[in-house]
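Residue numbers (our numbering): 29 to 355. We put the beta carbon where it would ideally sit given N, CA and C, even for glycine.
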Amino acid sequence: MPAVLDYEPLIVAPRSAPPSLTAIQDEILALKQERNAVILAHNYQIEAIQQVADYVGDSLGLSYQAQAAEADVILFCGVHFMAETAKIVNPGRTVLLPDMDAGCSLSDSCPAERLAAYKEANPEVYVVAYINCSAGVKALSDVICTSGNAKKIVSQVPADREILFVPDQNLGQWVSQQTGRAMKMWPGSCYAHVQFTTEAIEKIRLQFPDAPVMAHPECVQAVRDIADEVCSTEMMVKFAKESPAQQIIVVTESGMLHRLAKDVPEKTFIAGPTNTCACNDCRFMKMNTIEKVRDALKILSPAIEMDETVRVAALAPIQRMLDWSKA
Ligand code: 13P
Ligand code: SF4
């Protein structure tokens, strides 16, 4: 069994009010008006960014928000594939990403050329792509899914088709177990979520025996198996609201704690630990800083640009997802 280091747990205790806004956050709110911009932020962003956002949510909620946005500018505080998705569904807007290098290990694990080669060798395969992939991969896929709708999407794929699930083998395995649908898995994973171990989670459980564990499906099976709830980040908010427990262990990226503290302020949240740290940050999500958010609005850059042929090809499986998701 790998040794788990000793460290103090990271706890977000109930609080009466969120921290007050700083000068730079006020500047962002003024620029937002001036630029006619909307700020969409993923649940993993730092608290200062979540506080100035118009909407904070998971990949599915953010996709709907991006599609419906009427502002001239969408400032997307998340990672590259998320901002790219916003541009695909709403090409008439300027879509800004505070740091263009904010990528994703899952997206990197499935280059479009490799998927194209696989499809050439296996032309009958039906490709279900987790939204954590590039526009090029989306353009080669039949339908997209998020962690919030994956079960629903996979169960609607025609029964006579063989499915290839890309790029997350852990989410894919979980969906396959939940739906009973056999799928071939692309061998990708989230470098951050695979760092959660059963040893570290069992250890924190001993310290908080009454706290249920909620884990993201990108975690490995051994961790998912000991969790009380496996769900998308948005569903974690729902679980936290509805659970009778006063303390909850949150096995996902640490930014989620800010969202939970805001929406469920009366409860205590404990960060899911790894073997070496009391919490787990995604280094890509954390590339967006409050200064970069301000600067992006000031100079309207960096902006997402995309080849129109790729965009149109990538839109079809996203639209299929949005339609199937409502079904
Ligand atoms: P959610 O859609 O559940 O927010 O997950 C996105 C993600 O990147 C998880 O690592
Ligand atoms: Fe990608 Fe993992 Fe970061 Fe999510 S947490 S953006 S899957 S690297």
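Judged by beta-carbon spacing, Q197 lies within the 8 Å limit of W214, meaning their Cβ atoms are closer than that value. In this structure, the alpha-carbon of V265 lies about 17 Å from that of D82.
Excluding sequence positions up to five before and after V194, its CB lies within less than 6 Å of the CB of C138, A157 and W214, all in the same chain and listed in chain order. For the pair of segments examined, the region 298 to 317 was found not to touch the region 265 to 274: the number of CB pairs separated by less than 8 Å stays below three.
Distance from the C-beta of L57 to the nearest heavy atom of the ligand 13P is not below 7 Å. DSSP places I67 within a strand segment (E or B) once states are collapsed to three. Judged by their CB atoms, V155 and S169 are nearer to each other than the 8 Å cut-off.
For A163, the shortest separation between its Cβ and any heavy atom of the ligand SF4 does not lie below 7 Å. The alpha helix (DSSP H) runs lying completely inside the region 120 to 189 and spanning 4 residues or more are 133 to 136, 140 to 149, 163 to 167 and 178 to 182, given in chain order. Around the beta carbon of A163, 16 or more other beta carbons sit within 10 angstroms, so the residue counts as buried.
Between M315 and D127 a beta carbon distance of about 4 Å is seen, short of the 8 Å cut, so the two are scored as contacting.
Where A299 is concerned, the enclosing beta strand (DSSP E) starts and stops at T296 to A299. C-alpha of A167 to C-alpha of M334: approximately 12 Å in a straight line. By the beta-carbon neighbour count (other beta carbons within 10 angstroms, threshold 16), I327 is exposed. Straight-line measurement puts the Cα of V241 at about 8 Å from the Cα of I254.
In the DSSP assignment, A243 falls within the beta strand (DSSP E) that extends over V241 to A243. Counting only heavy atoms of the ligand SF4, the residues whose C-beta sits closer than 7 Å to one of them are, along the chain, Y72, V107, C132, S133, L134, S135, N160, C218, Y219, A220, H221, E246, E281, C310, F312 and M313. In the DSSP assignment, K212 falls within the unbroken beta strand (DSSP E) covering M211 to M213.
The ligand 13P has a heavy atom closer than 7 Å to the beta-carbon of D86. The way I'd put it, the region 286 to 304 does touch the region 223 to 232; three or more beta-carbon pairs between them come closer than 8 Å. Boundaries of the alpha helix (DSSP H) around G89: S87 to A96.
Residue pairing by DSSP places L343 in no beta bridge whatsoever. Y72 is classed as buried because its beta carbon has at least 16 other beta carbons within 10 Å across all chains shown. When DSSP states are grouped into helix, strand and coil, E333 belongs to the coil group. Looking at the DSSP output, I191 bridges to Y154 and M211. Annotation for G300 indicates a beta carbon at 7 Å or more from all heavy atoms of the ligand 13P.
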